[in-house]
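Reading through the structure tokens given below for one structure.
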Amino acid sequence: MGIKTRLAALCGFGMVLGTLMGTLGTPAAISQTSSKPVEYQRLATFAAVLARVQDEYVEDVDGDVLIVDAINGVLHSLDPHSHYVPPETYEKQVKRNKREYGGLGIEVGMEDGYVKVGYANKGAPAYRAGIRAGDLITHVEGVSVKGKSLDEAVSGMRGLAGDPIKITVKTPGQAPRELTIIREVIQGRAVRHRLYEGLGYVYLETFNNEHVARDLAEALDLLTKEAGHKLPGIILDIRGNRGGLLTQSVDVAGHFLDGGEVVSVRGREGGENDRFHAKRGEKAAGIPLVVLINGESASASEIVAGALQDRGRALIVGTQSFGKGSVQSVFPLKGGALRLTTARYFTPSGRSIQGLGITPDVWVEAFPKDQLSNAGVIREASLPHALNSIIQKEEGLTNTRPKPKPEYPPEDWPKREDYQMKRAVELLKSPDFKAKLKALQN
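All letters in the sequence shown, in the order written, are residues -22 to -1, 1 to 420 by mature numbering (1 follows the signal peptide of the UniProt record, and there is no 0).
The following block contains the structure:
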């Protein structure tokens, strides 16, 4: 069955289910359609169960909630990444991908139980209201944030653009002040850059908007201008980057490649391959490159790291990446959407990353050996119902990169210092960087 045929079958299922939900009292309507596959006829049983629950359960239940939970129950049994997206959530995701949400224009963390402002976007509502980096937000809509997680506190500050929000702000050395601020559409910062010890440093927070590659190109131009000459080296930091849009990962990798394959996508049938190539005209031609990864680098991040590693363009430094080598397609459904795993992706050399991840060329831990604990490390392979690498096993493909001997910071290494960053700088400034990179390709 081809991709287009499968999509048609998927839409057919949606229509049958929609009809079923409109006729809960007469499930026989479906069972009489003998030409339907047996799975469709079993939906009559589901309708009967749902009707009985709504009529007889000990407490009132929301039929819509039950249906959404049932759909997600089916999808979650397939793999961890397939799910149904309700209309309200889907709308937010679409806005996020376009870099639009109602917010205040600040980046925050937690300190002493309060929300601490780490960055205030100039020109954004919070900055205009006098909020600056270092300020603490103690209350949102009169409710203390003490005891809440960062996610809980931040979600309370987001809302529709144009709506007001009341927050209490404490600037060190000053009395707390209550501010009412109007939320606005904020242009998200997915790319940050700076010169670091004479090298260009670029951090990509996400691939989950449509402007990452463009912003990266601008960052590289600004770094070159700031340096006053061609950059001697670039550090591309995608640690903690959980991925995002496939197209953006291809374009980001393309800034460091002069054409050629970035990733191939293989669907349900082996012959269905899509190959994505970089455009000719490398943005950072000839500039030595180190890519920093860790266990939270996933999906689109792994596409970038895998492509640059396979093509011999960059030295990959850090720890094993997350291992999400599957591709999800979004099928709009009456306001909401179905997010379904439809393919796996492969690096240019044919490696599947699913469940394995990208092995760094130089394995550098972030903490001293005696401070490491793998107990809390969660990767793709440990998720419930994670896809195994069926295609990889069938074709005899393995993640052929041997694990290098790990490096650890000294036992007295300061916790606030970035040891992986230090090693990236040392490697880029090493006179044998190019020789080391070339040796890895042999």
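Yeah, the Cβ is synthetic: ideal placement off N, Cα and C, and Gly gets one too.
I want to know whether the segment 202 to 214 touches the segment 121 to 135 - three or more CB-CB distances under 8 angstroms.
No: fewer than three Cβ pairs fall under 8 angstroms.
Are the CB atoms of Gly303 and Ile331 nearer to each other than 8 angstroms?
One-based indexing of the sequence shown puts residue 303 at position 325. One-based indexing of the sequence shown puts residue 331 at position 353. Yes, they are a contact pair.
Use the C-beta contact count for Asp38: other C-beta atoms within 10 angstroms, 16 or more gives buried, fewer gives exposed.
Stepping through the sequence shown from its first residue, residue 38 is reached at position 60. When all chains shown are included, Asp38 counts as exposed.
For Glu37, does the three-state DSSP call read helix, strand or coil?
Position 59 of the sequence shown, counted from the first residue, corresponds to residue 37. Glu37: coil per DSSP, three-state reduction.
Among residues of its own chain, excluding the 5 on either side of Lys347, which ones have a beta-carbon nearer than 7 angstroms to its beta-carbon?
By 1-based counting over the sequence shown, the position of residue 347 is 369. These residues qualify, in order along the chain: Tyr386.
Based on Cα-Cα distance, which residue from Val36, Ile49, Leu21, Gly41 lies nearest to Leu316?
For the purposes of this step, residue 316 is taken as the residue at position 338 of the sequence shown. It is Ile49.
How about Phe345: is its Cβ closer than 7 angstroms to a heavy atom in the ligand SAM?
Within the structure as shown, the ligand SAM is missing, as the structure has no ligands at all.
What is the DSSP secondary structure of Phe411, reduced to helix, strand or coil?
The residue labelled residue 411 in the question sits at position 433 within the sequence shown. Helix, per DSSP.
Can you look up Ser360 in the DSSP assignment and give me helix, strand or coil?
Against the sequence shown, residue 360 aligns to sequence position 382. The answer is helix: DSSP assigns Ser360 an H, G or I state.
Do we get a CB-CB distance below 8 angstroms when we pair Leu82 with the residues of chain D?
The question asks about chain D, but that chain is absent: this structure has only one protein chain.
Which value, in whole angstroms, describes the spacing of the CA atoms of Pro210 and Val268?
Stepping through the sequence shown from its first residue, residue 210 is reached at position 232. Stepping through the sequence shown from its first residue, residue 268 is reached at position 290. A direct Cα-Cα distance of roughly 12 angstroms separates Pro210 from Val268.
Here's the rule: buried if 16 or more other CB atoms are within 10 angstroms of the residue's CB, otherwise exposed. What is Thr297?
For the purposes of this step, residue 297 is identified with residue 319 of the sequence shown, where counting begins at 1. Thr297 sits buried, since 16 or more C-beta atoms from the chains shown fall within 10 Å of its C-beta.
Is Glu404 helix, strand or coil by DSSP?
Indexing the sequence shown from 1 puts residue 404 at position 426. Under the three-state reduction of DSSP output, Glu404 falls in the helix class.
Do Arg161 and Asp129 have their C-beta atoms within less than 8 angstroms of each other?
Translated into positions along the sequence shown, residue 161 becomes position 183. Translated into positions along the sequence shown, residue 129 becomes position 151. In this structure, Asp129 does not lie closer than 8 angstroms to Arg161 by Cβ.
Can you tell me the Cα-Cα spacing of Tyr179 and Leu173, whole angstroms?
Taking the first residue of the sequence shown as position 1, residue 179 is located at position 201. Taking the first residue of the sequence shown as position 1, residue 173 is located at position 195. One C-alpha to the other measures close to 6 angstroms.
Just to confirm the assignment, what range does the beta strand (DSSP E) spanning Ala321 have?
Taking the first residue of the sequence shown as 1, we reach residue 321 at position 343. Ala321 -> beta strand (DSSP E) spans 314 to 324.
Whose C-beta lies closer than 7 angstroms to the C-beta of Ile294 among residues of the same chain, with five residues either side of it excluded?
Walking along the sequence shown from the start, residue 294 turns up at place 316. Excluding positions up to five away in sequence, the list reads Val269, Ile271, Ala283, Gln287, Ile336, Pro338, Asp339.
Taking a contact to mean a Cβ-Cβ separation below 8 angstroms, would you say Arg289 touches Gly245 in this structure?
Translated into positions along the sequence shown, residue 289 becomes position 311. Translated into positions along the sequence shown, residue 245 becomes position 267. No.
Pick out whichever of Glu395, His171, Glu156 has its Cα sitting closest to the Cα of Ile145.
Walking along the sequence shown from the start, residue 145 turns up at place 167. In terms of Cα proximity to Ile145, the closest of Glu395, His171, Glu156 is Glu156.
Where in the segment 152 to 203 do unbroken runs of the beta strand (DSSP E), each at least 3 residues long, occur, reported from the N-terminal end onward?
Within the segment 152 to 203, the complete beta strand (DSSP E) runs of at least 3 residues are 155 to 160, 169 to 174, 177 to 182.
So the candidates are Lys381, Val132, Gly83; which of them puts its Cα closest to the Cα of Gly101?
On the sequence shown, residue 101 is found 123 positions in, with the first residue counted as 1. Closest option to Gly101, Cα to Cα, is Gly83.
Since Tyr97 and Leu114 are thought to touch, with beta carbons under 8 angstroms apart, how far apart are those beta carbons, to the nearest angstrom?
Sequence index remark: in the sequence shown, residue 97 carries index 119 (1-based). Sequence index remark: in the sequence shown, residue 114 carries index 136 (1-based). That pair is no contact at about 14 angstroms.
Taking the C-alpha atoms as reference points, what is the distance between Asp236 and Ala191?
Start at 1 with the first residue of the sequence shown, and residue 236 comes out as number 258. Start at 1 with the first residue of the sequence shown, and residue 191 comes out as number 213. Rounded to the nearest angstrom, the two C-alpha atoms are 15 angstroms apart.
With a threshold of 16 other CB atoms inside 10 Å of the CB of Tyr181, please say whether the residue is buried or exposed.
Stepping through the sequence shown from its first residue, residue 181 is reached at position 203. By the 10 Å Cβ count, Tyr181 comes out buried.
Helix, strand or coil: how does DSSP classify Tyr68 here?
For this step, residue 68 is matched to residue 90 along the sequence shown. Of the three classes helix, strand and coil, the one that applies to Tyr68 here is helix, per DSSP.
Which first and last residues belong to the beta strand (DSSP E) in which Glu89 is found?
Indexing the sequence shown from 1 puts residue 89 at position 111. Looking at the DSSP string, the run of the beta strand (DSSP E) that includes Glu89 is 84 to 89.
Count the other CB atoms, across all protein chains shown, that sit within 10 Å of the CB of Thr325; report buried if there are 16 or more and exposed otherwise.
As a first step, residue 325 is located in the sequence shown; it is residue number 347 there, counting from the start. Answer is buried; the Cβ neighbour count reaches 16.
Going by DSSP, what residues sit across from Arg253 in a beta bridge?
By 1-based counting over the sequence shown, the position of residue 253 is 275. Answer is Ser242, bridged to Arg253.
Which of helix, strand or coil does DSSP assign to Phe24?
As a first step, residue 24 must be located in the sequence shown, where it is residue number 46. It is helical.
Starting from Pro103 and walking both ways along the alpha helix (DSSP H), at which residues does that stretch end?
Locating residue 103 in the sequence shown gives position 125, counting from the first residue. 103 to 106 is the extent of the alpha helix (DSSP H) around Pro103.
Determine the DSSP secondary structure at Asp141, reduced to helix, strand or coil.
As a first step, residue 141 must be located in the sequence shown, where it is residue number 163. Asp141 falls in the coil class under three-state DSSP.
Under the assumption that Phe185 contacts Gly218 (Cβ atoms under 8 angstroms), give the Cβ distance between them as a whole number of angstroms.
Translated into positions along the sequence shown, residue 185 becomes position 207. Translated into positions along the sequence shown, residue 218 becomes position 240. The Cβ separation is near 12 angstroms, so there is no contact.
Tell me the DSSP bridge mates of Val63?
Counted from its first residue, the sequence shown places residue 63 at position 85. DSSP output for Val63 lists Ala315 as bridge partner(s).
Taking the alpha-carbon positions, what's the Glu183 to Met399 distance?
Along the sequence shown, one-based indexing puts residue 183 at 205. Along the sequence shown, one-based indexing puts residue 399 at 421. Taking the straight line from one Cα to the other gives about 16 angstroms.
Beta-carbon within less than 8 angstroms of Gly276's beta-carbon, same chain only, minus the 5 sequence neighbours each way: which residues are those?
Here residue 276 is taken as the residue at index 298 of the sequence shown, counted from 1. Correcting the residue identity first, residue 276 is Ala in this sequence and not Gly. Correct list, in chain order: Asn219, Arg220, Gly221, Ser299, Phe300, Gly301, Lys302, Glu358.
Report yes if the CB atom of Leu241 is closer than 8 angstroms to the CB atom of Ala256, and no otherwise.
The residue you call residue 241 lines up with position 263 of the sequence shown. The residue you call residue 256 lines up with position 278 of the sequence shown. With the sequence shown as reference, residue 241 is identified as Val, and Leu is not the correct amino acid for it. No; because the gap between Cβ atoms is not below 8 angstroms, this pair is not in contact.
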